[in-house]
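Colleague: Supplied in structure tokens, the structure appears directly below.
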Amino acid sequence: MLTDEQLAELSVALRAQWAVLRRWLDTVDETAATEARSVLDGWTVADLIAHVGRSMSALAACEPAPDGTVPQTVGEYLGSYTASADVITTVTHELAAKIAAAPLAGIDALAATAFDRLARFGRSDRVVMARRGPILLSSMVTTRLIELVVHGDDLQRSLARPGSASVGRNAGVGDGPIDRAALDLVARALLDG
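Residue numbers (my numbering): 8 to 200.
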């Protein structure tokens with residue numbers, strides 16, 4: 008388990024990454040994005056936008072785990088995505104259709120619920136029950152950070168914006184959808200396995 012300070016650092020990074028990605032998405036023409044193909048096979052940009060909201064809703068769905076519950080690692084949690092790829096795609100397409108009239112407002116609502124849930128868990132790390140099983144709260148926050156960074160890059164590449172680097176802050180080239188501190192935390196998490 009992480010210390011209170013380490014969990015707070017992850018939580019701040021998640022909020023910062025969300026803010027950077029959302030500011031960047033404000034410049035996306037929502038109507039054009041509905042039809043634009045993304046770099047992910049079978050997904051539109053609207054699907055990717057919906058998916059970042061859905062990824063935040065996974066945090067909102069977490070509940071406290073019973074004492075003594077053994078959590079899975081970040082690697083085990085992420086490894087479960089492969090077996091669920093078809094379900095993830097279906098749920099993403101359904102959410103994109105549901106929020107099609109106002110996709111950014113739709114994902115804002117999902118993120119607000121997620122951040123509210125994170126705040127209600129408090130400052131201490133603990134095992135939570137996520138959609139994919141038990142995981143440390145800090146690990147869950149890390150997986151949400153990974154989702155936002157990876158799909159922020161997918162969105163940037165899908166829209167192929169000239170002069171916009173994927174990394175926003177301190178990148179030196181344009182404003183992108185990825186916060187530098189979040190990228191560093193994600194790189195560390197993936198290297199640590």
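Note that the Cβ used here is the ideal one computed from N, Cα and C, for glycine as well.
Look at the Cβ atom of L198, then the Cβ atom of V148, and state whether they are nearer than 9 Å.
Modeller: The residue labelled residue 198 in the question sits at position 191 within the sequence shown. The residue labelled residue 148 in the question sits at position 141 within the sequence shown. Cβ atoms of L198 and V148: not closer than 9 Å.
Colleague: The alpha helix (DSSP H) with I95 in it runs from where to where?
Modeller: Indexing the sequence shown from 1 puts residue 95 at position 88. In the DSSP assignment, I95 falls within the unbroken alpha helix (DSSP H) covering A92 to K105.
Colleague: May I ask which residues mark the beginning and end of the alpha helix (DSSP H) holding P110?
Modeller: Here residue 110 corresponds to residue number 103 of the sequence shown, with the count starting at 1. Where P110 is concerned, the enclosing alpha helix (DSSP H) stretches over P110 to F128.
Colleague: Check each candidate in D54, L152 and L111 and name the one with the smallest Cα separation from E42.
Modeller: Translated into positions along the sequence shown, residue 42 becomes position 35. It is D54 whose Cα lies nearest to the Cα of E42.
Colleague: Please list, in chain order, all residues of the same chain as A196 whose beta carbon is under 8 Å from its beta carbon, the five residues on each side excluded.
Modeller: In the sequence shown, counting from the first residue as 1, residue 196 sits at position 189. Closer than 8 Å at the Cβ level, and outside the excluded window around A196, lie V81, T149, L152 and I153.
Colleague: Quick one: is G179 buried, meaning 16 or more other Cβ sit within 10 Å of its Cβ, or exposed?
Modeller: Taking the first residue of the sequence shown as position 1, residue 179 is located at position 172. Only weak support is given to the placement of G179: the predicted model assigns it a pLDDT of 37, under 50, and the value that follows is read from those uncertain coordinates. Exposed, because fewer than 16 other Cβ atoms sit within 10 Å of the Cβ of G179.
Colleague: Note the first and the last residue of the continuous alpha helix (DSSP H) segment covering I56.
Modeller: As a first step, residue 56 is located in the sequence shown; it is residue number 49 there, counting from the start. That run of the alpha helix (DSSP H) goes V52 to A67.
Colleague: Give the secondary structure of G82 by DSSP, where H, G and I count as helix, E and B as strand, and everything else as coil.
Modeller: Taking the sequence shown and counting its residues from 1, the one referred to as residue 82 is at position 75. Three-state result, G82: helix.
Colleague: Under 7 Å Cβ to Cβ from S18, same chain only, skipping five residues before and after it: list those, please.
Modeller: Along the sequence shown, read from residue 1 onward, the residue named residue 18 stands at position 11. Excluding residues within five positions, the ones whose Cβ falls inside 7 Å are L125 and V148.
Colleague: Please state if the CB of L28 and the CB of L155 are separated by a distance shorter than 9 Å.
Modeller: Here residue 155 corresponds to residue number 148 of the sequence shown, with the count starting at 1. Here residue 28 corresponds to residue number 21 of the sequence shown, with the count starting at 1. It is a contact, given that the beta carbons lie within the stated cut-off.
Colleague: Compare the Cα-Cα distances from R133 to each of W50, G140 and L144 and report the closest residue.
Modeller: As a position in the sequence shown, residue 133 is number 126, starting the count at 1. Here the closest residue by C-alpha is L144.
Colleague: Report the option in S146, H158 and A167 whose CA atom is closest to the CA atom of P78.
Modeller: Counting from 1 along the sequence shown, the entry for residue 78 is found at position 71. Ranking S146, H158 and A167 by Cα distance to P78 puts S146 first.
Colleague: Using a Cβ-Cβ cutoff of less than 8 Å, which residues in the same chain neighbour R176 once the five nearest sequence positions on both sides are dropped?
Modeller: For the purposes of this step, residue 176 is taken as residue 169 along the sequence shown, with counting starting at 1. Caution is warranted here: a pLDDT of 48 is assigned to R176, below 50, making its placement in the model unreliable, and the coordinate value is therefore given only provisionally. For R176, where only same-chain residues beyond five positions count, the Cβ hits under 8 Å are V27, D186, R187 and A188.
Colleague: Could you check if T150 belongs to the surroundings of the ligand GTP, using beta carbon to heavy atom distance under 8 Å?
Modeller: With respect to the ligand GTP, the structure offers nothing, as it holds no ligand at all.
Colleague: Over the uninterrupted beta strand (DSSP E) stretch that includes A137, give me the two end residues.
Modeller: On the sequence shown, residue 137 is found 130 positions in, with the first residue counted as 1. Start and end: V134 to A137.
Colleague: To the nearest angstrom, how far is it from the Cα of L32 to the Cα of V94?
Modeller: As a working note, residue 32 is residue 25 in the sequence shown. As a working note, residue 94 is residue 87 in the sequence shown. Cα-Cα distance, rounded: 25 Å.
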